[in-house]
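The numbering of the sequence shown is the numbering used here, which starts it at 17 and goes up by one.
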Amino acid sequence: MSLKRRKIGPFEVSSIGFGCMSLSHAYNPPVSDEQADRVLNRALDLGCDFIDTAALYGFGHNETTLGKFISSRRGEFTLASKCGMTGVNGVRVIDGRPETIKATCDDSLQRLKTDVIDLYSLHRLDRKVPIEDSAGALADLVGAGKIRTIGLSEVSADTLRRAHAVHPVTAVQSEYSLWTRNTEVAVLEACREIGATLVAFSPVARGFLTGKLGAHSQFEGKDIRSAMPRFQGENWKQNLVLLGEFEDVAAEVGCTPAQLALAWLLHRAPHIVPIPGTKELDHLEENVGALEVSLTPEVMATLDALINPKTVVGPRYNAATQAEIDTEELPEAA
């Protein structure tokens, strides 16, 4: 399998993409315009040419930032964005109705300063709207020339196949890392069967697998991790125990823990493209460096045995957020 370049539908992209969420959403206040400019352009300079954003991130701010700082380099990257979950009057709303999807796309095109989005995904399944209707709206956008391919995010294999019957699905974006394996229940294989790519968000476990979060997991402001059970109390203390051996493996391989986590994903299957995000230039360069890390089957087996659903403590989301997720639950978490 290629560690440097991979396919997402008709596009050939860097095997490690760039997730833009943290520039303006979920992990404390947005970065300055100057820092966003530096990070985005450096990502392209490093050859990280799959750029992922969403209408939700910063309630439009993230897309506006991309439009401001890299629209002049539009021919250098494959652009992905998402609809179906946006900010309405300051509140996050899931809305997969066709008319909303189409209106959101028009708004995104304006913010991104582009005529077409390469991969446009339904951010969350709207349980009030048949997936066939939402997929049909995405298909209409393809027909109108506003998007090139369609995708889904955090969906089950059944939902994926139903959408794929309406229009070919190019990619499924879902959380996937050593400590979040839900896609392994069915979605990863379903993607392989239909020829879709699994775009893995939070591939370093929302920072956990970098080993840089510290011993107390005290997050500032509105950092979304403060509401995630794995980062709380006794769960956090028990999960921290896993890091020592993980860091030892990284040292033996000759890479950083973050690079080891990304390399594990790249070696897992050829139809996986991780999209780590960061606000910092040194972290960005570290992430891209994972493309040079080669793992033996023995190291892969060691990592699988060390960090997996049986060794990680706590669900990935609280009950309210989990109710919005369509991806299959692992048997241990059911």
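Glycine is no exception: its CB is placed at the ideal position from the N, C-alpha and C atoms.
N-terminal and C-terminal residue of the alpha helix (DSSP H) that residue i is part of
i: T130; result: Per DSSP, T130 belongs to no alpha helix (DSSP H) and is neither H nor E.
i: I210; result: V203 to I210
i: Q189; result: Per DSSP, Q189 belongs to no alpha helix (DSSP H); it is in the beta strand (DSSP E), V185 to E191.
i: R10; result: Within the shown structure, residues of the chain are numbered from 17 to 350, placing residue 10 beyond reach of any answer.
i: R108; result: No alpha helix (DSSP H) holds R108; the beta strand (DSSP E) holding it covers V107 to I110.
i: D24; result: Per the sequence presented here, residue 24 reads as Ile, with Asp not at that position. Taken as a continuous stretch (DSSP letters only), I24 belongs to no alpha helix (DSSP H), being part of the beta strand (DSSP E) at R21 to I24.
i: N303; result: L297 to V304
i: E236; result: No alpha helix (DSSP H) contains E236, which DSSP labels as neither H nor E.
i: P313; result: P313 to L322
i: Q338; result: A335 to Q338
Expected contact under 8 Å - CB spacing of residue i and residue j to nearest Å
i: L135; j: I288; result: Actually they do not touch by this definition, with Cβ atoms about 15 Å apart.
i: V203; j: S169; result: Between S169 and V203 the Cβ distance is about 11 Å, and since that is not below 8 Å, they are no contact.
i: G223; j: M37; result: Their Cβ separation, rounded to whole angstroms, is 13 Å, which puts G223 and M37 out of contact at 8 Å.
i: F217; j: E191; result: 6 Å
i: V132; j: K295; result: Rounded, the Cβ-Cβ distance is 28 Å, inconsistent with contact.
Proximity of residue i and residue j at Cβ, strictly below 7 Å
i: G167; j: A187; result: yes
i: T242; j: A221; result: The sequence given here places Ser at residue 242; Thr does not occur at that position. The answer is no: Cβ separation not under 7 Å.
i: A212; j: V182; result: no
i: I291; j: D61; result: no
i: A70; j: H139; result: yes
i: S30; j: F85; result: no
i: C99; j: I117; result: yes
i: E236; j: N44; result: yes
i: L276; j: A266; result: yes
Start and end residues, beta strand (DSSP E) containing residue i
i: E28; result: F27 to S30
i: A353; result: As shown, the chain starts at 17 and ends at 350. That puts residue 353 outside it, with no answer to give.
i: A71; result: Looking at the DSSP string, A71 is not in any beta strand (DSSP E), and its letter there is neither H nor E.
i: P290; result: I288 to P290
i: G270; result: Element bounds for G270: n/a, residue is neither H nor E.
i: F217; result: T213 to F217
i: L168; result: I163 to S169
i: R58; result: Here R58 belongs to no beta strand (DSSP E); instead the alpha helix (DSSP H) covers D49 to D61.
Residue i to residue j span [Cα, whole Å]
i: Y73; j: L82; result: 12 Å
i: G330; j: E28; result: 37 Å
i: N57; j: D142; result: 34 Å
i: F34; j: L128; result: 16 Å
i: E79; j: L297; result: 20 Å
i: A350; j: R90; result: Interpretation of A350 is limited by its pLDDT of 39, a score under 50 that renders its predicted location unreliable; no figure is taken from the coordinates.
i: A160; j: D122; result: 11 Å
i: E115; j: N105; result: 18 Å
i: K326; j: V304; result: 30 Å
i: S48; j: L300; result: 17 Å
i: I240; j: D53; result: 24 Å
i: R197; j: T318; result: 16 Å
i: N255; j: N324; result: 11 Å
i: L157; j: S124; result: 13 Å
i: L95; j: H41; result: 18 Å
i: T226; j: L176; result: 31 Å
i: A306; j: K162; result: 34 Å
i: S87; j: L154; result: 23 Å
i: R246; j: V328; result: 8 Å
i: R178; j: G260; result: 43 Å
i: Y333; j: E340; result: 10 Å
i: I32; j: P26; result: 17 Å
i: I147; j: D174; result: 10 Å
i: D352; j: Q189; result: Because the chain here runs from 17 to 350, residue 352 falls outside it and cannot be looked at.
i: H50; j: S97; result: Strictly speaking, residue 50 in this sequence is Glu, with His absent from that position. Rounded to whole angstroms, E50 to S97 spans 22 Å at the Cα level.
i: E308; j: S137; result: 30 Å
Outcome for residue i when other beta-carbon atoms lying within 10 angstroms are tallied against a minimum of 16
i: P219; result: buried
i: A321; result: exposed
i: Q126; result: exposed
i: P273; result: buried
i: G230; result: exposed
i: T337; result: exposed
i: D102; result: Strictly speaking, residue 102 in this sequence is Thr, with Asp absent from that position. The residue is buried, with at least 16 neighbouring Cβ atoms inside 10 Å.
i: V107; result: exposed
i: V257; result: exposed
i: G249; result: exposed
i: K144; result: exposed
i: S310; result: exposed
i: V315; result: buried
i: D342; result: buried
i: R21; result: exposed
i: A279; result: buried
i: T120; result: buried
i: E302; result: buried
i: T165; result: buried
i: A206; result: buried
i: G270; result: exposed
i: A59; result: buried
beta-carbon residue i near the ligand ZN non-hydrogen atom, thresh 6 Å
i: E200; result: For the ligand ZN, the structure offers nothing, since it holds no ligand at all.
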